[in-house]
Amino acid sequence: MSGTYGPLMLLRFGSVPTLVASSSEAARDVMRTHELAFCSRYLSATLDIISCGGRDILFSPYNDRWRDLRKVCMLELFNPRRVLSFRTVREEEVARLLRSISDQCGGHHAGVVVINLSDGICRMVNDVVVRTAIGDRCKHRDEFLHELDEAVQLTGGFSLADLYPSSRLVRRFSVAARDMGRCQKNVYRIIESIIHERKVAGGPRRRRRPPRRPPQAAEDIFATGSDTSSTVLVWAMSELVKNPRVLHKAQSECREACQVMGYDVPKGTKVFVNVWAIADDRRICPGITHGLANMELVLISLLYHFDWEQPGGAGSGDLDMTEAFGITLKRKSKLMLKAIPRVN
Numbered sequence: 216m217s218g219t220y221g222p223l224m225l226l227r228f229g230s231v232p233t234l235v236a237s238s239s240e241a242a243r244d245v246m247r248t249h250e251l252a253f254c255s256r257y258l259s260a261t262l263d264i265i266s267c268g269g270r271d272i273l274f275s276p277y278n279d280r281w282r283d284l285r286k287v288c289m290l291e292l293f294n295p296r297r298v299l300s301f302r303t304v305r306e307e308e309v310a311r312l313l314r315s316i317s318d319q320c321g322g323h324h325a326g327v328v329v330i331n332l333s334d335g336i337c338r339m340v341n342d343v344v345v346r347t348a349i350g351d352r353c354k355h356r357d358e359f360l361h362e363l364d365e366a367v368q369l370t371g372g373f374s375l376a377d378l379y380p381s382s383r384l385v386r387r388f389s390v391a392a393r394d395m396g397r398c399q400k401n402v403y404r405i406i407e408s409i410i411h412e413r414k415v416a417g418g419p420r421r422r423r424r425p426p427r428r429p430p431q432a433a434e435d436i437f438a439t440g441s442d443t444s445s446t447v448l449v450w451a452m453s454e455l456v457k458n459p460r461v462l463h464k465a466q467s468e469c470r471e472a473c474q475v476m477g478y479d480v481p482k483g484t485k486v487f488v489n490v491w492a493i494a495d496d497r498r499i500c501p502g503i504t505h506g507l508a509n510m511e512l513v514l515i516s517l518l519y520h521f522d523w524e525q526p527g528g529a530g531s532g533d534l535d536m537t538e539a540f541g542i543t544l545k546r547k548s549k550l551m552l553k554a555i556p557r558v559n
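Note that this note's numbering numbers the sequence shown so that position 316 is 531, with each residue one more than the last.
Structure (structure tokens):
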């Protein structure tokens with residue numbers, strides 16, 4: 216359509232006007248020149264429900280309240296000093312994941328077993344996020360992740376309520392809106408139980424103190440912190456296993472000394488990537504430092520301690536890479552890989 220109508224098109228999906236930028240110049244004009252005008256994110260009917268009308272951090276309008284919530288998260292959780300202090304938590308949870316994979320391999324007579332890496336990574340990342348926020352794992356982790364996965368799928372599905380968001384009648388009879396409302400209630404129930412348990416553990420004085428922040432902020436930390444990092448990790452492993460040459464190169468680089476731009480980098484060197492030079496807009500993720508720290512340690516540990524193959528001896532290019540469209544672009548199927556232990 217852009218070849219016919221140009222790089223900037225205004226379409227109408229139901230009653231929702233939709234601007235489509237199809238060239239680098241148009242995208243630059245939207246994202247840079249008029250960045251302030253487009254800082255607030257559009258809320259579909261399903262997103263409006265799960266975010267309580269944009270009262271969280273992720274979908275809040277670009278205003279003083281959003282700045283206040285973001286500032287609290289940066290000061291309390293995501294500043295570099297705090298992220299560094301959570302190193303022990305990350306290392307413990309990654310070691311727990313590696314032991315789980317090793318135990319599954321050890322229980323198999325050939326030492327090779329197919330691992331559901333999608334679920335393992337998702338649980339591990341959620342444990343890291345929740346432990347850094349409240350100091351302990353979530354007792355309702357599996358239920359929380361199930362509801363979160365369903366909510367992500369609902370945001371990417373077709374909903375008549377998304378096309379006519381102002382119609383109360385359409386929203387009332389929308390299956391997606393009803394299902395999202397149920398997910399939202401279950402997610403908030405779990406989060407409120409976590410907050411309540413935290414208050415009880417703090418003693419009577421802590422219980423008398425009113426909550427400083429709404430549960431929507433906690434939902435952002437638990438949900439988006441878990442879903443985005445685990446999704447990136449699963450896709451990274453998928454792409455590596457799909458391309459054995461790249462996988463072997465990555466493993467050799469993390470297991471041996473290598474050269475970067477002509478410089479010798481010894482084995483075990485800690486690496487930082489200047490992400491600020493890549494993504495520095497107004498709505499940059501406040502937890503990007505924490506997320507990168509989680510992902511880097513997990514990915515390098517999986518590559519260092521295990522060799523990975525596709526199930527059934529499938530060759531390169533046979534791995535299913537179908538995407539499931541949603542608020543995050545996840546794999547449609549679970550990532551099932553053969554794990555071959557390399558280091559005891």
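All C-beta atoms, glycine included, are put in the ideal place defined by N, C-alpha and C.
Handout entry: Beta-bridge pairing of M560 - partner residues as DSSP gives them
Key = In this structure the chain extends from 216 to 559, so residue 560 is not present and cannot be described.
Problem - Backbone CA spacing between L262 and W450 [nearest angstrom] - result: Within the sequence shown, the letter at position 47 stands for residue 262. Within the sequence shown, the letter at position 235 stands for residue 450. Going from the Cα of L262 to the Cα of W450 covers about 24 Å.
Exercise for the section: Alpha carbon to alpha carbon, how far is D479 from F228? Give it in angstroms, no decimals. Expected result: As a position in the sequence shown, residue 228 is number 13, starting the count at 1. As a position in the sequence shown, residue 479 is number 264, starting the count at 1. Those two C-alpha atoms are separated by around 55 Å.
Practice task
Assuming L332 and L514 form a contact by the criterion Cβ under 8 Å, report the distance between their Cβ atoms to the nearest whole angstrom.
Solution key: Counting from 1 along the sequence shown, the entry for residue 332 is found at position 117. Counting from 1 along the sequence shown, the entry for residue 514 is found at position 299. 11 Å between Cβ atoms; not a contact.
Problem - V235 to H249 span [Cα, whole Å] - result: What you label residue 235 is simply residue 20 of the sequence shown in a count that begins at 1. What you label residue 249 is simply residue 34 of the sequence shown in a count that begins at 1. If I take the Cα positions, the gap works out to 15 Å.
Problem - Best match in L375, R393, D394 for proximity to V385 [C-alpha to C-alpha] - result: Within the sequence shown, residue 385 is the residue found at index 170, counting from 1. That would be L375, whose Cα lies nearest to the Cα of V385.
Handout entry: Strand pairing of P501, partner residues [DSSP]
Key = Counted from its first residue, the sequence shown places residue 501 at position 286. Partner(s): none; P501 has no beta bridge.
Handout entry: Distance CB(T370)-CB(G541) smaller than 8 Å
Key = Here residue 370 corresponds to residue number 155 of the sequence shown, with the count starting at 1. Here residue 541 corresponds to residue number 326 of the sequence shown, with the count starting at 1. Going by C-beta atoms, T370 is nearer than 8 Å to G541.
Practice task
Leaving aside the five residues before and after S444 along the sequence, list all residues of the same chain whose C-beta is less than 6 Å from its C-beta, in chain order.
Solution key: As a first step, residue 444 must be located in the sequence shown, where it is residue number 229. Contacts found: V340, G506, N509, M510.
Problem - P276 in three-state terms, based on DSSP - result: By 1-based counting over the sequence shown, the position of residue 276 is 61. Collapsing the DSSP output to three states places P276 in coil.
Practice task
Leaving out five residues on either side along the sequence, give the residues of the same chain with a beta carbon under 8 Å from the beta carbon of E538.
Solution key: Counting from one through the sequence shown, the residue named residue 538 turns up at place 323. Hits under 8 Å: L544, K545, R546, K547.
Exercise for the section: Please find out if some non-hydrogen atom of the ligand ZN comes closer than 7 Å to the beta-carbon of K545. Expected result: Although the ligand ZN was asked about, the structure shown includes no ligands whatsoever.
Problem - At least 3 beta-carbon pairs within less than 8 Å: the stretch 400-409 vs the stretch 279-291 - result: no
Problem - Selected residue, minimal CA-CA separation from S300, among C337, S317, R346, Y257 - result: Locating residue 300 in the sequence shown gives position 85, where the first residue counts as 1. Comparing Cα-Cα distances from S300 to each of C337, S317, R346, Y257, the minimum goes to R346.
Exercise for the section: Report buried or exposed for Q466, applying the criterion of at least 16 other Cβ atoms within 10 angstroms of its Cβ. Expected result: The residue given as residue 466 occupies position 251 in the sequence shown. Result: buried.
Handout entry: Residue range of the unbroken beta strand (DSSP E) whose run includes F521
Key = If you number the sequence shown from 1, residue 521 lands on position 306. Where F521 is concerned, the enclosing beta strand (DSSP E) starts and stops at 521-524.
Exercise for the section: Please name the residue or residues paired with K354 in a DSSP beta bridge. Expected result: As a first step, residue 354 must be located in the sequence shown, where it is residue number 139. Secondary-structure assignment with DSSP links K354 through no beta bridge to anything.
Practice task
Going by CA-CA distance only, name the one from E434, L512, A554 that's closest to S408.
Solution key: Working through the sequence shown from its first residue, we reach residue 408 at position 193. When each option's Cα is compared against that of S408, the closest is E434.
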